[in-house]
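One structure below.
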Amino acid sequence: MRFKYVLNEVLVGLWRNVTMTIAMIITMSVSLTMLGASVLMYMQVDQMKDFYFGKVEVSVFLTDNVTDAEREAVKQVILQSPLVQSHEYESRTDAYEKFKVLWRNSPDFVKSVRPDSLPESYRVKLKDPEQYQAFNEQIAKTPGIQDIVDQRELLDKIFKIFNTVQVMALGVAAFMALAALLLVGNTIQVAAYSKRREVAVMKLVGASNWFIQAPFVLEAVVAGLIGAILGFGIIFTLKIVLLDGRLQALANVLTPMQNSDVFLMLPLLAAVGAGVSAITAWVTLRFYLKV
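Position in the sequence shown counted from 1, then plus 236, gives you this note's numbering.
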């Protein structure tokens, strides 16, 4: 009987303040969408770091007038280094072929570059990419070397951009979460005020604080759960439409996002939405309305 009463009060309360309830649900769904997108982005960037840093190479570019003896000396230094896992020699012809593939969509640019304008190089993969500086010290003074480029430095710049986007997304999510909390608090206050006479009568007949507060808290929880479901729906839709659709060309750059990772967001968003809404409603009732 009590459960039926509480459930009925929840439904009546949601419908009584339907405009504020809708506003609360929309705000909650937007904030939870940003939160879920931020979490997925963190997971994606971590996967990309593991993937790309595992393929990091050090490019040892040779001088234009490198001799056979100098080229062989560089090769021997690379072979004798305990830091090296593998290496590959890239001639001017090989470099030019890769260049044509890389810039195949800019034929005029390709025509402006001659095959002999690209340097020879050794592509070296280290056992531990963090040991680049030690490898650089081993090989830098070898005659015939023009420049040594660590791809990790280039990747670090890219991932710094991703990290900035992560922080910005979390900032927006936090801002929207604050707006959602304020809406939850205001909605509960309005709901409690509209039922102040019923609450007073229930107190007079000995109803417990928990029994009085339960409908209001559950209203917030239901709104939070609906917002979480909508937020998950938005995230999943964006994943299908954008990552699996229009932005599928980025698959060569981004590591694929699995549907299983997206589905993990549903329980996370539901827990956050319901939990935050319940706590906010309980604090509002306890410290502001003195129910």
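All residues carry an ideal CB built from backbone N, CA and C; glycine is no exception.
Residue range of the alpha helix (DSSP H) that L505 falls in?
Against the sequence shown, residue 505 aligns to sequence position 269. Looking at the DSSP string, the run of the alpha helix (DSSP H) that includes L505 is 501-520.
Evaluate E326 with the Cβ neighbour count: other Cβ atoms within 10 Å of its Cβ, from every protein chain shown; 16 or more gives buried, anything less gives exposed.
Numbered from its first residue, the sequence shown carries residue 326 at position 90. Counting C-beta atoms within 10 angstroms of its own C-beta, E326 has 16 or more neighbours from the protein chains shown and is therefore classed as buried.
Which class does T255 belong to by DSSP, given the choice of helix, strand or coil?
Counting from one through the sequence shown, the residue named residue 255 turns up at place 19. T255 falls in the helix class under three-state DSSP.
Between which two residues does the alpha helix (DSSP H) holding K311 run?
Against the sequence shown, residue 311 aligns to sequence position 75. For K311, the enclosing alpha helix (DSSP H) begins and ends at 304-316.
Classify E326 as helix, strand or coil using the three-state DSSP reduction.
Walking along the sequence shown from the start, residue 326 turns up at place 90. DSSP places E326 in strand when its eight states are reduced to three.
Determine the burial state of E373: buried for a count of at least 16 other Cβ atoms within 10 Å of its Cβ, exposed for fewer.
In the sequence shown, residue 373 corresponds to position 137, counting from 1. Burial is judged here by how many other beta carbons sit within 10 angstroms of a residue's own beta carbon; E373 has fewer than 16 and is exposed.
Three-way DSSP call (helix, strand, coil) for R350 in this model
In the sequence shown, counting from the first residue as 1, residue 350 sits at position 114. In this structure, DSSP gives R350 a state outside helix and strand, which the three-state scheme calls coil.
Leaving out five residues on either side along the sequence, give the residues of the same chain with a beta carbon under 8 Å from the beta carbon of L354.
Sequence index remark: in the sequence shown, residue 354 carries index 118 (1-based). Only R328, A331, Y332, F335 meet the Cβ criterion.
For my contact list, G463 and I261 are in at a C-beta cut-off of 8 Å; report their separation, rounded to the angstrom.
Locating residue 463 in the sequence shown gives position 227, counting from the first residue. Locating residue 261 in the sequence shown gives position 25, counting from the first residue. The Cβ separation is near 5 Å, so the contact holds.
Cutoff 6 Å; reference L466; Cβ partners in own chain excluding five residues on either side
As a position in the sequence shown, residue 466 is number 230, starting the count at 1. Here L466 has S265 as same chain residues with Cβ atoms under 6 Å from its own Cβ, once five neighbours each way along the sequence are excluded.
Is the segment 306-318 touching the segment 342-358, taking contact as three or more C-beta pairs under 8 Å?
Yes, the segment 306-318 is in contact with the segment 342-358.
Quick one: give me the first and last residue of the beta strand (DSSP E) that I381 is part of.
In the sequence shown, residue 381 corresponds to position 145, counting from 1. Run containing I381: 381-386, per the beta strand (DSSP E) assignment.
Return the chain-ordered list of same chain residues with a C-beta closer than 7 Å to the C-beta of L461, the five sequence neighbours on each side being excluded.
For the purposes of this step, residue 461 is identified with residue 225 of the sequence shown, where counting begins at 1. If we look at L461 and ignore the five residues flanking it on each side, its Cβ neighbours are A506, G509, A510.
With V292 and Q387 assumed to form a contact (beta carbons below 8 Å), what rounded beta-carbon distance in angstroms separates them?
By one-based count along the sequence shown, residue 292 stands at place 56. By one-based count along the sequence shown, residue 387 stands at place 151. V292 to Q387, Cβ: 5 Å. Contact.
Alpha carbon to alpha carbon, how far is S513 from E455?
Start at 1 with the first residue of the sequence shown, and residue 513 comes out as number 277. Start at 1 with the first residue of the sequence shown, and residue 455 comes out as number 219. For S513 and E455, the distance between alpha carbons rounds to 9 Å.
Separation of Q283 from N399, as counted between CA atoms:
Counted from its first residue, the sequence shown places residue 399 at position 163. Counted from its first residue, the sequence shown places residue 283 at position 47. CA-CA distance, N399 to Q283, rounds to 13 Å.
First through last residue of the beta strand (DSSP E) which encompasses K361
In the sequence shown, residue 361 corresponds to position 125, counting from 1. Run containing K361: 357-362, per the beta strand (DSSP E) assignment.
Roughly how many angstroms lie between the CA atoms of S322 and F345, to the nearest whole one?
Taking the sequence shown and counting its residues from 1, one reaches residue 322 at position 86. Taking the sequence shown and counting its residues from 1, one reaches residue 345 at position 109. In a straight line, the C-alpha of S322 is about 32 Å away from that of F345.
Which residue from A409, P318, V254 puts its Cα closest to that of I375?
The residue you call residue 375 lines up with position 139 of the sequence shown. The residue with the shortest Cα to Cα distance from I375 is P318.
State the Cα-Cα distance for the pair D300 and G380, rounded to the nearest angstrom.
What you label residue 300 is simply residue 64 of the sequence shown in a count that begins at 1. What you label residue 380 is simply residue 144 of the sequence shown in a count that begins at 1. The alpha-carbon atoms of D300 and G380 are separated by roughly 9 Å.
State the beta-bridge partners of L414 as determined by DSSP.
Against the sequence shown, residue 414 aligns to sequence position 178. Under DSSP, L414 shares a beta bridge with no residue.
So what's V292 in DSSP terms, helix, strand or just coil?
The residue you call residue 292 lines up with position 56 of the sequence shown. Looking at V292 - three-state DSSP - the assignment turns out to be coil, as it is neither helix nor strand.
Give the secondary structure of I465 by DSSP, where H, G and I count as helix, E and B as strand, and everything else as coil.
The sequence position of residue 465 within the sequence shown is 229, counting from 1. Three-state DSSP puts I465 in a helix.
Collapsed DSSP secondary structure at Q367 in the structure displayed:
For the purposes of this step, residue 367 is taken as residue 131 along the sequence shown, with counting starting at 1. The three-state reading of DSSP puts Q367 in helix, counting H, G and I together.
Compare the C-alpha of V401 against each of V281, S295, W518 and name the closest.
Here the question's residue 401 lines up with position 165 in the sequence shown. Closest option to V401, Cα to Cα, is V281.
How close, in whole Å, do the beta carbons of I397 and V294 come, if the pair is a contact with beta carbons under 8 Å?
Numbered from its first residue, the sequence shown carries residue 397 at position 161. Numbered from its first residue, the sequence shown carries residue 294 at position 58. With a contact defined as Cβ atoms closer than 8 Å, I397 and V294 miss out at about 23 Å.
Close Cβ partners of T520 (< 7 Å) along its chain, the five nearest in sequence each way excluded
Residue mapping note: residue 520 aligns to position 284 of the sequence shown, counting from 1. Close CB contacts of T520 within its chain, under the 7 Å cut and outside five residues either way in sequence, are with G421, I424, Q425 (chain order).
Could you tell me the alpha carbon to alpha carbon distance between V408 and G272, rounded to whole angstroms?
Reading the sequence shown from its first residue, position 172 is the one you call residue 408. Reading the sequence shown from its first residue, position 36 is the one you call residue 272. Linking V408 to G272 through their CA atoms gives a straight-line distance of about 12 Å.
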